[in-house]
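In UniProt numbering, the protein residues as written are 1 to 251. Think of the CB as a built atom: it goes at the ideal place given N, C-alpha and C, for glycine as much as any other residue.
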Amino acid sequence: MTKPHQLTTPQGRQIAYHHTKGQGPCVVFLGGFKSDMTCTKAIYLQDWAKAQGQSFLRLDYSGHGVSSGDFLDGAIGDWFEDALAVIEAVTSGPLVLVGSSMGGWISLLVARAIPQRIVGLVGIAAAPDFTEDSMWADFMPAQRAEIMAKGQIGLPSEYADSPYIITRRLIEEGRNRLVLRAPLALNFPTRLLQGTADVDVPPAVALRLLDHATGDDIRLTLVKGADHRFSTPACLTMITEAITDVLKATR
């Protein structure tokens with residue numbers, strides 16, 4: 001496995017990334033909460049991009065994978081800054097953003113920050129504003145009191161043996177990054193992919209994003225029986241088909 005490159009962000013964080021050179025636009029994969037750039041979707045898309053001769057970028061946010069930092073110190077704004085720093089340092093020209101789960105939120109923040117460079121977006125079980133609308137909204141009063149008093153709380157996870165630790169900073173900082181409370185213009189081809197069996201980010205989230213965003217070419221595909229991982233061979237093929245569809249619109 002090729003050793004990743006390292007970038008020091010303006011905030012001093014060391015971010016690991018892999019950049020596959022090729023024709024543009026550059027396809028940028030942004031992963032999910034506690035995921036990393038070795039996940040099934042990231043590697044599959046890198047292999048696909050190489051076969052297509054397509055420029056491709058994947059990265060680890062701080063506190064994720066082999067990047068610097070402790071996950072518990074991070075928040076949405078930090079991870080957005082990490083992604084933007086690597087994108088601006090490593091790529092030039094037009095971009096197609098591919099955001100999985102939390103990466104869908106990060107991709108919307110990137111699109112809002114540099115709209116002039118974005119020519120397409122693919123969301124995979126995109127989870128905008130999840131710290132507020134899923135975590136905080138679902139906390140019981142006792143849980144809210146605990147996280148405010150102790151600074152963190154443990155939540156069970158089906159993806160790990162130990163609980164997810166959710167910090168007060170993650171919740172509070174996330175309120176500065178919400179994208180569904182103000183106009184959200186997606187003035188480029190946007191494809192949203194969502195499994196009906198996703199219990200982590202239910203279809204209602206995708207429908208809310210579809211209803212909230214404005215743009216002339218936004219489509220939502222619901223996949224019956226697909227779960228949050230969206231990593232079966234059929235689902236992976238749907239992702240590359242969505243990217244290909246977006247890229248065709250740019251040529």
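Asked, Found
"Along the chain, where does the alpha helix (DSSP H) containing Thr190 start, and where does it finish?", "Not the alpha helix (DSSP H): Thr190 falls in the beta strand (DSSP E), residues Thr190 to Gly195."
"Restricting to Cα atoms, I'd like to know which of Ile124, Arg168 and Asp161 is closest to Ser231.", "Ile124"
"Is any heavy atom of the ligand GDP found at a distance shorter than 7 Å from the C-beta of Ala213?", "The ligand GDP is absent from the structure shown, which contains no ligand whatsoever."
"To which residues does DSSP link Ile118 through a beta bridge?", "Leu95"
"My assumption, with CB atoms under 8 Å, is that Leu205 sits in contact with Ala127. Please give the rounded CB distance.", "The question names Leu, but residue 205 is Val in the sequence shown. Indeed, because the Cβ distance is near 6 Å, the residues count as touching under 8 Å."
"Leu45 and Phe29: beta carbons closer than 8 Å?", "yes"
"On a Cα-Cα basis, can you pick out the residue from Thr240, Gln54 and Val110 that is closest to Val179?", "Val110"
"Ser100 to Arg58, Cα distance in whole Å?", "12 Å"
"Please list, in chain order, all residues of the same chain as Val223 whose beta carbon is under 6 Å from its beta carbon, the five residues on each side excluded.", "Gly195"
"Since Gln155 sits in a beta bridge, which residues does DSSP pair it with?", "Just to set this straight, residue 155 is Leu in the shown sequence, not Gln. Per DSSP, Tyr164."
"Taking the beta carbon of Met37 as the centre, do at least 16 other beta carbons fall within 10 Å, making it buried, or is it exposed?", "buried"
"Locate the alpha helix (DSSP H) running through Val27, then write down its first and last residues.", "No alpha helix (DSSP H) contains Val27, which is instead part of the beta strand (DSSP E) from Gln23 to Leu30."
"Near Arg208, what residues of its chain come up, given a Cβ to Cβ distance below 8 Å and the 5 sequence neighbours on each side ignored?", "Leu180"
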